[in-house]
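Visitor: Here the sequence shown stands for residues 11 to 505, numbered as in the numbering used here.
All C-beta atoms in this analysis are idealised placements derived from N, C-alpha and C, irrespective of residue type, glycine included.
Model, not experiment: these values are computed from the prediction.
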Amino acid sequence: MEMPKPDEAVIARRADIIAAMQAIVPGEGVIFDDNELKAFECDGLMAYRQLPMIVVLPETTEQVSRVLKYCHEHAVKIVPRGAGTGLSGGALPLADGITLGLGKFNQVLDIDFNNRCVVTQPGVTNLAITQAVEHAGFYYAPDPSSQIACSIGGNVAENSGGVHCLKYGLTTNNVMGVEMVLMDGEIIRIGGKHLDSDTYDLLGVITGSEGLLGVITEVTVRILQKPETAKAVLLGFPSNEAGGDCVAAIIADGIIPGGMEMMDTFAIQAAEEFVHAGYPLDAVALLIVELDGPEAEVEHLIERVEAIARAQNATYLKISENDEERERFWSGRKSAFPAVGRLSPDYICMDGTIPRGQLAHVLTRMTEMSEKYGLRVANVFHAGDGNLHPLILFDSNKDGETEAAEAFGADILRLCVEVGGVLTGEHGVGIEKRDLMGEMFTEDDMKQQIRLKCAFDPGHLLNPGKVYPTLHRCAELGKMHVHKGQLPFPDIPRF
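(1) Out of A33, M31, V65, which one is the CA nearest neighbour of N45?
(2) Throw me the rounded Cβ distance for the V299 and I260 pair, which I believe falls under 8 Å.
(3) Between the alpha carbons of K494 and I198, how many angstroms are there, rounded?
(4) Taking 8 Å as the cut-off, decide whether the C-beta atoms of A105 and M63 are in contact.
(5) Under the assumption that L446 contacts A420 (Cβ atoms under 8 Å), give the Cβ distance between them as a whole number of angstroms.
(6) Going by CA-CA distance only, name the one from L61, V40, E309 that's closest to K48.
(7) Going along the chain, which unbroken runs of the beta strand (DSSP E) with 3 or more residues stay wholly within the segment 331-410?
(8) Could you spell out the range, first to last residue, of the beta strand (DSSP E) harbouring A242?
(9) How about H82 and M193: are their beta carbons less than 8 Å apart?
(10) So, are the CB atoms of P479 and R444 less than 8 Å apart?
(11) Report the three-state DSSP secondary structure of M193 (helix, strand or coil).
(12) Since I233 contacts V143 with CB under 8 Å, what's their CB separation in whole angstroms?
(13) Can you check whether the CB of G100 is closer than 8 Å to the CB of G221?
(14) Using only CA atoms, which one of V257, N165, P90 lies nearest to G396?
(15) Assuming E168 and H437 are in contact, meaning their beta carbons sit under 8 Å apart, how far apart are those beta carbons, in whole angstroms?
(16) With a cut-off of 8 Å, do at least 3 Cβ pairs link the segment 325-341 to the segment 403-419?
(17) Kindly list the residues whose CB is nearer than 7 Å to the CB of S345, restricted to its own chain and excluding five residues on each side of it in sequence; keep chain order.
(18) Under 8 Å: do the segment 361-373 and the segment 346-353 share three or more Cβ pairs, one atom per stretch?
(19) Over the uninterrupted beta strand (DSSP E) stretch that includes I226, give me the two end residues.
(20) Look up V557 in the DSSP assignment and give the residues it is bridged to.
(21) Could you give the DSSP three-state label for Q117: helix, strand or coil?
(22) Please name the residue in V215, G111, D26, G171 whose C-alpha comes closest to that of K463.
(23) Could you spell out the range, first to last residue, of the alpha helix (DSSP H) harbouring K87?
(24) Can the beta-carbon of P248 be found less than 8 Å from the beta-carbon of N323?
(25) Considering only the alpha carbon of each residue, which of V40, G394, M273, P152 lies closest to L291?
(26) Could you tell me if Q117 is buried or exposed, where buried requires 16 or more neighbouring beta carbons within 10 angstroms of its beta carbon?
(27) Can the beta-carbon of T109 be found closer than 8 Å to that of V89?
(28) Answer yes or no: do I422 and M376 have a C-beta to C-beta separation smaller than 8 Å?
(29) Given a cut-off of 8 Å, decide if V439 and V477 are closer than it, judged by their beta-carbon atoms.
(30) What did DSSP end up calling Y326 once you bin it into helix, strand or coil?
(31) Going straight from the alpha carbon of S170 to that of G179, what length do you get?
Written as structure tokens, this is what we have:
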């Protein structure tokens, strides 16, 4: 993995850049001591590390605007950073760039129950949104496993999902509007509390754009009323094939669970030892199926799921008796990553998506790859939408194991594409999957995508080196770009 070579001319101007940033963000808002910079040297993909040139921690949108305007005028690169929990290297710093941390944007600005939405700053954690509204019987549906720490701004950047994304959608299905600062410092609003726009879906473009188009400083999200009843069914199977077949059969029967997750035997044992969730240790595959809605509907759906599971040779079946037990079922799944972390000095968490019908085949192939590379792999995934999260265990202190883990992960992602899936489901491309983009897209496909980036960031100053394996200058791709004071779509409100 290679990043663009540092611009020595920019590094030579470091003292001037620091002074300019301190004028914009006074006090302790600019970090440039090497020891203090180490806290920002990577995100959740810790295999790659790089000290940023400096870190800037603004507190207001106006400060963000001034920082970006300065960088635009002086050709300084910017890497936006949320909570740093991302797993694809999207927030990996640059030696000649500013890391723009948004952790001080940590306030819920408005709770509007009448319009079923919350306006929040991007540094607010995912779980904090639900905590802010649960007293009134509401919640925010997307729930990544890292929801206690990951920020809503990062969720928008990566289009995060979670265990309940099957029924309630990813971040893109739950974001109603954003305030965003463009590279030249212009502040724009897209969407809001109103219904979907009948013009270009710029909100859909921005969600999942991985910090390549602008810096988000405010987010409006949709909140939902908690269902009357929710119950979880814990199912054990003698094989991955049986578990995968059960997933397909439930969906084929017209049932859309609130959440449906699957774990293999390695992940089951690690999670059970970690949190004692009550998982059957003799199961080869474990399925958690949550049904929610009116009580009568939930009871009816549970009967149907139970019948389907027995037809698929389930060896274990337990229905949660109360919310405490239901949450305990989920605690094992949501703690799978730290649980597996106890078993190995290092691991890489992959993220690819496949058709549901290919689950068993892909798990079998991954077992073969595990033997080929001599590395263990634990599997947890959002079974309902086919979003895999294989955890490849390795020891970076042993020669060659890091490289073997990376090669193993790349083969898994190639397999996802081979069976009709895609390179990512919710973690983003970042640097982790950047050099595999050619497995899924042609060169012309990627050039067309880069033209969109050129419209927002013609100088390629926002998070350069991420997502696309080859840098194409905007001039090479045509003249689609933003002129000063003019956006590509004129109907966007401005400040």
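Guide: Working from what's here:
(1) Out of A33, M31, V65, V65 has the C-alpha closest to the C-alpha of N45.
(2) 7 Å between Cβ atoms; contact.
(3) Its pLDDT being 40, under 50, K494 is placed unreliably in this model, and the value from its coordinates should be taken loosely. When rounded, the distance between both Cα atoms is 13 Å.
(4) Against a cut-off of 8 Å, the Cβ pair of M63 and A105 comes out as a contact.
(5) A Cβ-Cβ distance of about 6 Å is found for the pair L446 and A420, placing them in contact under the 8 Å criterion.
(6) Comparing Cα-Cα distances from K48 to each of L61, V40, E309, the minimum goes to L61.
(7) Counting whole runs of 3 or more residues, the segment 331-410 contains the beta strand (DSSP E) stretches 356-359, 387-392, 397-404.
(8) Unbroken beta strand (DSSP E) run through A242: 239-247.
(9) Yes. Within cutoff.
(10) In this structure, P479 lies near R444, with their beta-carbon atoms less than 8 Å apart.
(11) Coil at M193, not helix or strand.
(12) That belief holds up - the Cβ atoms of I233 and V143 are roughly 5 Å apart, short of 8 Å.
(13) With contacts defined by Cβ atoms closer than 8 Å, G221 and G100 form a contacting pair.
(14) Considering only V257, N165, P90, the residue with the shortest C-alpha distance to G396 is V257.
(15) Indeed they touch by this definition, with Cβ atoms about 6 Å apart.
(16) Contact between the segment 325-341 and the segment 403-419 is absent: fewer than three C-beta pairs spanning the two stretches fall below 8 Å.
(17) A281, F284, V285, listed in sequence order.
(18) By the Cβ test, the segment 361-373 is not in contact with the segment 346-353, since fewer than three Cβ pairs between them sit closer than 8 Å.
(19) From DSSP, the beta strand (DSSP E) with I226 extends over 225-232.
(20) Outside the displayed range of the chain (11 to 505) lies residue 557, so it cannot be described from this structure.
(21) In the three-state DSSP reduction, Q117 falls in the coil class, being neither helix nor strand.
(22) Nearest of V215, G111, D26, G171 to K463, Cα basis: V215.
(23) Boundaries for K87: no alpha helix (DSSP H) harbours it, while the beta strand (DSSP E) harbouring it runs 87-91, taken from the DSSP string.
(24) Going by C-beta atoms, P248 is nearer than 8 Å to N323.
(25) The residue with the shortest Cα to Cα distance from L291 is M273.
(26) In this structure Q117 is exposed. Its beta-carbon is surrounded by fewer than 16 other beta-carbon atoms within 10 angstroms.
(27) Yes. Within cutoff.
(28) Contact flag set, yes.
(29) Contact flag set, yes.
(30) Note: Y326 maps to strand in three-state DSSP.
(31) Computed Cα separation, rounded: 10 Å.
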